[in-house]
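Enquirer:
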Amino acid sequence: MALGAVAVAALQRHLELQDSERAVVGSDWVRSGWVFTNEFGDYLSPTTVRTAMQRILTQAKLPMIRFHDLRHTAATVMLSRGVHPKAASEMLGHSTIAITLDLYSHVTENIQRQAAEAIDAAMLG
(Lines of atoms letter the chains of each structure in order from A and count residues from 1; the text may use other names and numbers.)
(Lines give C-alpha, C1' and ligand atoms only; values in the text may rest on other atoms or scores of the structure.)
Protein backbone atom coordinates (compact mmCIF):
# COMPACT_ATOMS: atom_id res chain seq x y z
CA MET A 1 0.00 0.00 0.00
CA ALA A 2 1.27 3.46 -0.85
CA LEU A 3 1.68 6.15 1.79
CA GLY A 4 1.82 9.87 1.08
CA ALA A 5 4.83 11.99 1.96
CA VAL A 6 3.07 13.54 4.96
CA ALA A 7 2.36 10.12 6.48
CA VAL A 8 5.89 8.88 5.79
CA ALA A 9 7.42 11.98 7.41
CA ALA A 10 5.16 11.61 10.46
CA LEU A 11 6.10 7.94 10.83
CA GLN A 12 9.79 8.79 10.53
CA ARG A 13 9.47 11.42 13.30
CA HIS A 14 7.60 8.88 15.40
CA LEU A 15 10.35 6.30 14.89
CA GLU A 16 12.97 8.84 16.01
CA LEU A 17 10.98 9.53 19.17
CA GLN A 18 10.56 5.81 19.76
CA ASP A 19 14.32 5.25 19.27
CA SER A 20 15.05 7.82 21.97
CA GLU A 21 12.53 6.17 24.32
CA ARG A 22 14.14 2.79 23.59
CA ALA A 23 17.58 4.21 24.46
CA VAL A 24 16.31 5.52 27.80
CA VAL A 25 14.57 2.26 28.76
CA GLY A 26 17.37 0.00 27.55
CA SER A 27 16.88 -3.68 28.24
CA ASP A 28 13.38 -3.07 29.66
CA TRP A 29 12.14 -2.23 26.14
CA VAL A 30 9.45 -4.67 24.98
CA ARG A 31 9.89 -5.74 21.36
CA SER A 32 6.16 -5.94 20.70
CA GLY A 33 6.26 -5.21 16.99
CA TRP A 34 3.68 -2.45 17.38
CA VAL A 35 4.24 0.86 15.58
CA PHE A 36 2.56 2.90 18.30
CA THR A 37 3.56 1.87 21.80
CA ASN A 38 3.86 3.13 25.31
CA GLU A 39 7.22 4.38 26.59
CA PHE A 40 8.35 0.76 27.16
CA GLY A 41 7.49 -0.53 23.69
CA ASP A 42 4.33 -2.32 24.80
CA TYR A 43 0.83 -1.91 23.37
CA LEU A 44 -1.29 1.16 24.09
CA SER A 45 -4.47 0.53 26.03
CA PRO A 46 -7.73 1.79 24.53
CA THR A 47 -8.05 4.20 27.47
CA THR A 48 -4.63 5.68 26.74
CA VAL A 49 -5.47 6.15 23.07
CA ARG A 50 -8.87 7.69 23.86
CA THR A 51 -7.39 10.10 26.43
CA ALA A 52 -4.60 11.19 24.08
CA MET A 53 -7.04 11.71 21.22
CA GLN A 54 -9.39 13.79 23.39
CA ARG A 55 -6.45 15.96 24.51
CA ILE A 56 -5.32 16.50 20.90
CA LEU A 57 -8.84 17.33 19.73
CA THR A 58 -9.27 19.81 22.59
CA GLN A 59 -5.94 21.50 21.85
CA ALA A 60 -6.86 21.76 18.15
CA LYS A 61 -10.34 23.09 19.07
CA LEU A 62 -11.98 20.28 17.11
CA PRO A 63 -15.19 18.45 18.02
CA MET A 64 -14.94 15.33 20.16
CA ILE A 65 -15.15 12.21 18.03
CA ARG A 66 -14.40 8.56 18.62
CA PHE A 67 -11.11 7.06 17.44
CA HIS A 68 -13.00 4.88 14.96
CA ASP A 69 -14.53 8.02 13.44
CA LEU A 70 -11.09 8.83 12.04
CA ARG A 71 -11.51 5.88 9.70
CA HIS A 72 -14.81 7.29 8.42
CA THR A 73 -13.21 10.69 8.02
CA ALA A 74 -10.39 9.19 5.96
CA ALA A 75 -12.88 7.38 3.72
CA THR A 76 -14.99 10.48 3.24
CA VAL A 77 -11.96 12.62 2.41
CA MET A 78 -10.59 10.09 -0.06
CA LEU A 79 -13.87 9.63 -1.91
CA SER A 80 -14.78 13.32 -1.92
CA ARG A 81 -11.33 14.15 -3.31
CA GLY A 82 -11.83 11.83 -6.25
CA VAL A 83 -9.83 8.81 -5.04
CA HIS A 84 -11.05 5.78 -6.97
CA PRO A 85 -13.42 3.78 -4.73
CA LYS A 86 -11.40 0.58 -5.33
CA ALA A 87 -8.24 2.26 -4.01
CA ALA A 88 -10.13 3.67 -1.01
CA SER A 89 -11.65 0.25 -0.34
CA GLU A 90 -8.23 -1.41 -0.32
CA MET A 91 -6.76 1.26 1.98
CA LEU A 92 -9.66 0.80 4.38
CA GLY A 93 -9.25 -2.96 4.33
CA HIS A 94 -12.74 -3.68 3.07
CA SER A 95 -13.13 -7.09 1.48
CA THR A 96 -15.14 -5.68 -1.43
CA ILE A 97 -15.64 -2.31 -3.06
CA ALA A 98 -19.38 -2.76 -2.43
CA ILE A 99 -18.83 -2.41 1.32
CA THR A 100 -17.05 0.89 0.81
CA LEU A 101 -19.70 2.21 -1.56
CA ASP A 102 -22.55 1.07 0.71
CA LEU A 103 -21.02 2.66 3.81
CA TYR A 104 -20.13 5.92 2.11
CA SER A 105 -23.01 6.34 -0.33
CA HIS A 106 -23.51 9.92 0.91
CA VAL A 107 -20.09 10.73 -0.54
CA THR A 108 -20.66 8.81 -3.76
CA GLU A 109 -23.77 10.90 -4.45
CA ASN A 110 -21.51 13.92 -4.67
CA ILE A 111 -19.13 11.97 -6.89
CA GLN A 112 -22.04 11.03 -9.17
CA ARG A 113 -23.00 14.70 -9.41
CA GLN A 114 -19.41 15.54 -10.35
CA ALA A 115 -19.46 12.81 -12.99
CA ALA A 116 -22.69 14.16 -14.48
CA GLU A 117 -21.17 17.66 -14.57
CA ALA A 118 -18.05 16.28 -16.26
CA ILE A 119 -20.20 14.62 -18.93
CA ASP A 120 -22.10 17.89 -19.43
CA ALA A 121 -18.83 19.77 -19.81
CA ALA A 122 -17.55 17.24 -22.35
CA MET A 123 -20.78 17.36 -24.36
CA LEU A 124 -20.85 21.15 -24.40
CA GLY A 125 -17.25 21.30 -25.58
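Just so you know, we're using this note's numbering here: the sequence shown kicks off at 1021 and counts up by one.
Beta carbons are placed, not taken as given, at the ideal position from N, Cα and C, and that holds for glycine.
The model shown is predicted, which means the values in this text are computed figures rather than measured ones.
Are there three or more Cβ pairs, one per stretch, closer than 8 Å when the stretch 1090-1097 is compared with the stretch 1112-1129?
Expert: Output reads yes: the stretch 1112-1129 touches the stretch 1090-1097.
Enquirer: Confirm, please, whether the CB-CB distance from Q1038 to T1057 is below 8 Å.
Expert: In the sequence shown, residue 1057 corresponds to position 37, counting from 1. In the sequence shown, residue 1038 corresponds to position 18, counting from 1. For T1057 and Q1038, yes; Cβs fall inside 8 Å.
Enquirer: Using 8 Å for Cβ pairs, my map puts T1120 next to A1136. What's the rounded Cβ distance?
Expert: Residue numbering aside, residue 1120 sits at position 100 when the sequence shown is read from its first letter. Residue numbering aside, residue 1136 sits at position 116 when the sequence shown is read from its first letter. No, T1120 and A1136 are not in contact; Cβ-Cβ is about 21 Å, not under 8 Å.
Enquirer: Apart from the five residues just before and just after W1049, which ones in its own chain have a Cβ nearer than 6 Å to its Cβ?
Expert: Indexing the sequence shown from 1 puts residue 1049 at position 29. Hits under 6 Å: R1042 and G1061.
Enquirer: Between E1059 and V1069, is the Cβ-Cβ spacing less than 8 Å?
Expert: Working through the sequence shown from its first residue, we reach residue 1059 at position 39. Working through the sequence shown from its first residue, we reach residue 1069 at position 49. No. Outside cutoff.
Enquirer: State the Cα-Cα distance for the pair A1022 and Y1063, rounded to the nearest angstrom.
Expert: Numbered from its first residue, the sequence shown carries residue 1022 at position 2. Numbered from its first residue, the sequence shown carries residue 1063 at position 43. Distance between the alpha carbons of A1022 and Y1063: 25 Å.
Enquirer: Under a three-way DSSP split, which group does N1130 fall into?
Expert: One-based indexing of the sequence shown puts residue 1130 at position 110. The answer is helix: DSSP assigns N1130 an H, G or I state.
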